[in-house]
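In the numbering used here, the protein residues as written are 7 to 373.
Have a look at the structure below before the remarks.
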C-alpha cells in the first residue's frame with residue numbers, strides 16, 4: 007500500500023463563548039485538516055491545530071509546509087510505516103510539530119481502516135468510554151458557574167478553570183464555584199504561564215481551603231528552575247504544560263524532577279507516535295501523564311481520545327472537549343458525549359470522516 011495523494015483544508019470555526027486565558031482572548035479556532043489517500047482507496051484524516059505561541063506553526067505556514075515539503079515526501083511512502091515517516095519528516099523539516107501531527111494522525115487512521123481496528127486497539131487498549139473535564143473561566147461570571155453546575159449534574163467530575171488575568175476576581179469566582187459544586191468534585195486551575203513562581207506561591211496559599219486538585223503551568227514555559235522551586239513548596243500538585251513540547255522536554259523535566267504531572271497533547275507533540283514515547287518517559291520517571299488538547303475539531307479530539315484510552319483515563323479525565331466548546335464540528339458521525347464521558351465507538355481507525363459540506367462552510371478563502 008502506498009500514499010497517492012494528500013489534500014489539505016484550512017478552516018475557521020467560531021467558539022460558543024470567547025476563550026479567555028492569560029494569553030488573551032479568542033472567539034474562534036483555526037485548523038488545517040488533511041486527507042491522505044492510498045492506492046487501495048483508503049483515506050485517512052488528520053488535523054493541525056497550530057497556534058504561534060507554541061512553535062513556528064500557523065495555518066498559512068502549515069499549508070505551505072504541506073504543499074512544498076510533506077506532500078512530496080509522502081507520495082509513494084508506505085502509510086503503515088509510521089516510524090519511518092516521522093524519521094523522514096524530521097530530517098526534512100525542523101519543528102512544525104502540529105502539521106506533522108496531522109500527517110501522523112491520518113496515517114494511524116489509515117492503518118486502523120486497513121486492519122479493521124479502532125486506533126485504540128492498535129495501541130493496545132479496549133477502553134470504550136473516556137472521562138472528560140469541563141473547561142470554564144471566571145470572565146463568564148455567574149453564567150460559567152451555572153454551566154459548571156449543569157455539567158456536574160450531567161456526570162462530569164472535573165472542572166478546569168482558566169486563571170491568570172485578575173486574581174481578586176478569580177479567587178472570588180473559585181470560592182463561589184466550589185460552594186456551588188461541593189467538595190466531591192475535582193477543581194483544576196490553568197494559569198498558562200501567567201506568574202513568577204514566588205507570585206504563584208502567594209496565590210496558592212490563598213487557595214488552601216478550596217481543595218484545588220492540580221495547578222497547570224503557573225510559570226512561563228522557559229522558567230524550569232522556577233517551576234521546580236514552586237513544586238517543592240506547593241501543597242497543590244503542579245502540572246507542566248507549555249514547557250512539554252517534545253520527548254526531550256519530558257526527559258529534562260523528569261531528570262530534574264521538576265513537576266508531579268505532565269500534560270501531553272497529541273496535536274502539539276507531533277502526533278500519536280511521539281506522544282506515546284513522551285508518556286512512556288514520564289511514567290518511567292514516576293511522573294503522571296495527563297491528556298490535554300488544543301480544543302481541536304472532532305478529528306484531533308478523536309486522536310486524543312484514542313491516546314487517552316491507553317493511559318490511566320479512568321482516574322484522570324482527559325481534556326478532549328473541542329466539539330463541546332466550538333459552535334460546530336466538521337466530522338461524521340458527530341462526537342458523542344454522555345454522562346461526562348466521550349463515547350469511543352469501536353469503528354475502524356479514528357471512527358470518523360470529514361463532513362465535506364461543513365468543510366466548505368468553514369473553509370478559509372485566504373490563508
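Even glycine gets a Cβ: it sits at the ideal position worked out from N, Cα and C.
Just confirm the distance between the C-beta atoms of residue i and residue j, as a whole number of angstroms; I'd bet it's less than 8 angstroms.
i           : j           : result
residue 377 : residue 233 : This structure does not reach residue 377, given that the chain is present from 7 up to 373, and the question cannot be answered.
residue 3   : residue 142 : No answer is possible for residue 3: the residues shown for the chain start at 7 and end at 373.
residue 287 : residue 260 : 6 angstroms
residue 139 : residue 325 : 5 angstroms
residue 161 : residue 201 : Not a contact, Cβ separation roughly 33 angstroms.
residue 299 : residue 253 : Their Cβ separation, rounded to whole angstroms, is 19 angstroms, which puts residue 299 and residue 253 out of contact at 8 angstroms.
residue 193 : residue 218 : 6 angstroms
residue 242 : residue 262 : So it is not a contact: roughly 19 angstroms between Cβ atoms.
residue 144 : residue 179 : 4 angstroms
residue 108 : residue 275 : Between residue 275 and residue 108 the Cβ distance is about 12 angstroms, and since that is not below 8 angstroms, they are no contact.
Alpha carbons only, please: which of the options is nearest the one belonging to residue i?
i           : options               : result
residue 40  : 285, 169, 258 and 362 : 362
residue 306 : 263, 28, 7 and 52     : 52
residue 360 : 28, 44, 349 and 50    : 50
residue 397 : 302, 22, 253 and 290  : Since the displayed the chain opens at 7 and closes at 373, residue 397 lies outside it and no answer follows.
residue 48  : 35, 21, 120 and 192   : 120
residue 23  : 356, 372, 366 and 330 : 330
residue 61  : 358, 176, 286 and 249 : 249
residue 176 : 355, 371 and 146      : 146
residue 366 : 258, 160, 19 and 10   : 19
residue 355 : 112, 9, 42 and 137    : 112
residue 304 : 269, 341 and 323      : 341
residue 148 : 44, 187 and 231       : 187
residue 291 : 257, 322, 280 and 75  : 257
residue 214 : 345, 181, 97 and 280  : 181
residue 44  : 95, 345 and 8         : 8
Mapping DSSP to helix, strand and coil, what is residue i?
i           : result
residue 104 : helix
residue 18  : strand
residue 60  : coil
residue 315 : coil
residue 120 : helix
residue 270 : strand
residue 289 : helix
residue 246 : strand
residue 37  : strand
residue 347 : strand
residue 110 : helix
residue 358 : coil
residue 341 : coil
residue 85  : coil
residue 135 : strand
residue 178 : helix
residue 171 : coil
residue 145 : helix
residue 197 : coil
residue 233 : helix
residue 54  : strand
residue 45  : coil
residue 203 : helix
residue 68  : helix
residue 329 : helix
Suppose you measure from the CA of residue i to the CA of residue j; what does that come to, to the nearest Å?
i           : j           : result
residue 115 : residue 99  : 23 angstroms
residue 15  : residue 369 : 7 angstroms
residue 220 : residue 245 : 7 angstroms
residue 223 : residue 255 : 14 angstroms
residue 32  : residue 57  : 12 angstroms
residue 271 : residue 132 : 21 angstroms
residue 93  : residue 209 : 44 angstroms
residue 77  : residue 251 : 24 angstroms
residue 264 : residue 293 : 10 angstroms
residue 196 : residue 206 : 12 angstroms
residue 184 : residue 238 : 26 angstroms
residue 333 : residue 347 : 19 angstroms
residue 312 : residue 284 : 15 angstroms
residue 65  : residue 273 : 14 angstroms
residue 168 : residue 89  : 36 angstroms
residue 118 : residue 335 : 22 angstroms
residue 173 : residue 204 : 14 angstroms
residue 104 : residue 278 : 11 angstroms
residue 81  : residue 309 : 23 angstroms
residue 216 : residue 91  : 47 angstroms
residue 358 : residue 211 : 45 angstroms
residue 135 : residue 59  : 32 angstroms
residue 38  : residue 55  : 7 angstroms
residue 156 : residue 349 : 19 angstroms
residue 199 : residue 236 : 13 angstroms
residue 372 : residue 21  : 20 angstroms
residue 353 : residue 129 : 14 angstroms
residue 227 : residue 247 : 8 angstroms
key: Contact the region 10-30 vs the region 67-74: 3+ CB pairs below 8 angstroms   = yes
inquiry  = Quick check: the region 18-36 against the region 76-91, are at least 3 beta-carbon pairs closer than 8 angstroms?
reply    = Between the region 76-91 and the region 18-36 there are fewer than three inter-stretch CB-CB distances shorter than 8 angstroms, so the stretches are not counted as touching.
inquiry  = Taking contact to mean 3 or more Cβ pairs, one atom from each stretch, closer than 8 angstroms, check whether the region 115-125 and the region 147-161 are in contact.
reply    = no
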